[in-house]
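> Numbered by the numbering used here, the letters in the sequence shown go through residues 25 to 104 in order.
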Amino acid sequence: MEELAGFVNGSVNRRKVLEILESKGATEPKRIAKIARLIPSAVDKIIAELEENKLVQKTDDGKIELTADGKTIIDYTRAL
25 MEELAGFVNG SVNRRKVLEI LESKGATEPK RIAKIARLIP SAVDKIIAEL EENKLVQKTD
85 DGKIELTADG KTIIDYTRAL
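#1: Below 8 Å CB to CB, which residues in the same chain sit around D68 once its five sequence neighbours on both sides are set aside?
#2: Tell me the DSSP secondary structure of E27 in three-state form.
#3: Helix, strand or coil for K40? Go by DSSP, reduced to three states.
#4: What does DSSP give as the partner residue(s) for L90 in the beta ladder?
#5: Between K58 and L28, what straight-line distance do the alpha-carbon atoms span, to the nearest angstrom?
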């Protein structure tokens, strides 16, 4: 858990993407980029990293949503 927390907190933008998903629910990557004020390719890279760590997943309609682990890590990092 601490390793994942370090991974998330190691990047302001990773943290920002997770917080957007927490507050907005399943969201298209393009919308995430707009809200986070990041270029879409940067968001795509962040999403790939978060997916690799099983913190987010793609829905059938192409949106990105938090996994149970993603929700847990957000709560865990807030407690630090």
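Ideal Cβ positions, reconstructed from N, Cα and C, are used throughout, including at glycine.
Working from what's here:
#1: P53, listed in sequence order.
#2: DSSP places E27 in helix when its eight states are reduced to three.
#3: Annotated three-state conformation of K40 is helix, per DSSP.
#4: L90 pairs with V80.
#5: Cα atoms of K58 and L28: separation of roughly 26 Å, rounded to the nearest angstrom.
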